[in-house]
Amino acid sequence: MSPAIDETRRTIQAAAPAGTQPLLSVSGLTISFRQRGQALEAVRDVSFDIGPGEFVGVVGESGSGKSVTALAVMGLLDPRITQVTGSALLAGKDLLTLGAQELRRTRGRDVGMVFQEPMTALDPVFTVGHQLTETLHAHEKISRRAARERAVEMLAAVGIPDPKLRYSAYPHQLSGGLRQRAMIAIALCCNPRLLIADEPTTAVDVTIQAQLLELLQTLRRERGTSILLITHDIGVIAESCDRMMTMYAGEIVETGPVGDVLENPAHPYTIGLLGAQPSLLTRGKPLTTVPGRLPRQEERTSGCLFEPRCPAALERCARDRQELIELGSAHTARCWRTHDLIGHTTAGGAR
Ligand code: ADP
Ligand code: MG
2 MSPAIDETRR
12 TIQAAAPAGT
22 QPLLSVSGLT
32 ISFRQRGQAL
42 EAVRDVSFDI
52 GPGEFVGVVG
62 ESGSGKSVTA
72 LAVMGLLDPR
82 ITQVTGSALL
92 AGKDLLTLGA
102 QELRRTRGRD
112 VGMVFQEPMT
122 ALDPVFTVGH
132 QLTETLHAHE
142 KISRRAARER
152 AVEMLAAVGI
162 PDPKLRYSAY
172 PHQLSGGLRQ
182 RAMIAIALCC
192 NPRLLIADEP
202 TTAVDVTIQA
212 QLLELLQTLR
222 RERGTSILLI
232 THDIGVIAES
242 CDRMMTMYAG
252 EIVETGPVGD
262 VLENPAHPYT
272 IGLLGAQPSL
282 LTRGKPLTTV
292 PGRLPRQEER
302 TSGCLFEPRC
312 PAALERCARD
322 RQELIELGSA
332 HTARCWRTHD
342 LIGHTTAGGA
352 R
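In the numbering used here, the protein residues as written are 2 to 352.
What follows is the structure, encoded as structure tokens:
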């Protein structure tokens, strides 16, 4: 890792508030989908906190339960097919028990969300400006003129050139990068305390990706927004986040300050993801995945879910699942071999 990036990360970590009340506190979050009379568990007993102004990354391959976790927190899962248990306290208020009306008020005002594909969030038949002012009117008593001014300011704040002109543009008239920025502008226009960004840079090229990550950093710095960034690219987390969580098959398998986890990964899956990343400085490259695949929900056993793919597995791993073990300074990992692995660069090497 280059000294420059290392230095940036140190500054960010130092800026993260310590010992303050978490803004978001998720506890024991379990999510099942009802399918053909069966309840299939997609996320199991997930707990994490995000502090005010903290930038937290979630990494894991496709299907690990990252989006479902975010959607549950936003109250966006269809209750007819999902069962969600646990709690998600936002400044003390449980988002999982809010009624529809309160949830609508919370979304946008307290929590903003951006997705991988901006066209799922932007309405193609309305101008970007209209969508921004609608959002403002939905949450605040504000005159049309003031809303328009705020919208243009917001477009400028997310780095959209000629914001007055772009105010009147329809989504299809913008490039992919600008659409992504417009979506961020809408998510942030009511100044939410938390932004959840689900793979916001996956569909854009490397240059735009770098610009968007920088934009998130700036917004966090200038507005104190807490950010939960979901990605399958551990390089993105290395560049941006204070803290990270690795998810595997619906569970958190490792958490910790980004520097600690990247320098001393303590779960074979995180080690695999790092090994799969040709260089942490090469952004935007797809992972050359860890060999094997995620177990389907019906294949999940009482043992470690990563065991079938794990180069460091012991006999007991197939039988018993480990709890998250505290390794010091908020670094935790769910692995029987954590203490052997820590300090090694490849899981296979610790065999
Ligand atoms: P990620 O975002 O990490 O790629 P997701 O959170 O989208 O993964 O999905 C996690 C798992 O949840 C999927 O592998 C799938 O099994 C299950 N899942 C997601 N959406 C549905 C759905 N609508 N119906 C049934 N199962 C679903
Ligand atoms: Mg996803």
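Every residue gets a Cβ at the ideal spot worked out from N, C-alpha and C, and that includes glycine. The model shown is predicted, which means the values in this text are computed figures rather than measured ones.
Taking the C-beta atoms as reference points, residue 161 is found nearer than 9 Å to residue 186. In this structure, the beta-carbon distance from residue 46 to residue 26 does not fall below 9 Å. In terms of CA proximity to residue 165, 154 leads the group 154, 43 and 173. About 6 Å separates the beta carbons of residue 112 and residue 75, which is inside the 8 Å limit, making them a contact pair. Assignment of residue 76 by DSSP, reduced to helix, strand and coil, places it in the coil class. Secondary structure within the stretch 128-204: the beta strand (DSSP E) runs of 3 or more consecutive residues, fully enclosed, are 195-199 (chain order). A straight-line Cα-Cα distance of about 13 Å links residue 96 and residue 195.
Bounds of the alpha helix (DSSP H) holding residue 239 are 235-241. Residue 71 and residue 231 do touch by the CB rule: their CB atoms are close to 6 Å apart, below 8 Å. For residue 109, the enclosing alpha helix (DSSP H) begins and ends at 101-110.
Not one heavy atom of ligand 1 lies closer than 8 Å to the C-beta of residue 114.
DSSP places residue 27 outside any alpha helix (DSSP H); the residue lies instead in the beta strand (DSSP E), whose first and last residues are 25-36. The stretch 201-219 and the stretch 141-153 do not touch, with fewer than 3 CB-CB distances between them shorter than 8 Å. Beta-bridge pairing by DSSP links residue 49 to 27.
Between residue 130 and the set 138, 118 and 169, the nearest pair of CA atoms involves 169.
Taking one beta carbon from each stretch, the stretch 258-267 and the stretch 328-347 have 3 or more pairs nearer than 8 Å; the two touch. Rounded to the nearest whole angstrom, the C-alpha separation of residue 309 and residue 139 is 49 Å. Residue pairing by DSSP puts residue 248 in a beta bridge opposite 253.
For residue 209, the enclosing alpha helix (DSSP H) has its first and last residue at 207-224. Bridge pairing for residue 40: 35 [DSSP].
Leaving aside the five residues that flank residue 193 on each side, the residues in its chain whose CB is nearer than 6 Å to its CB run, in chain order, 111, 112 and 113.
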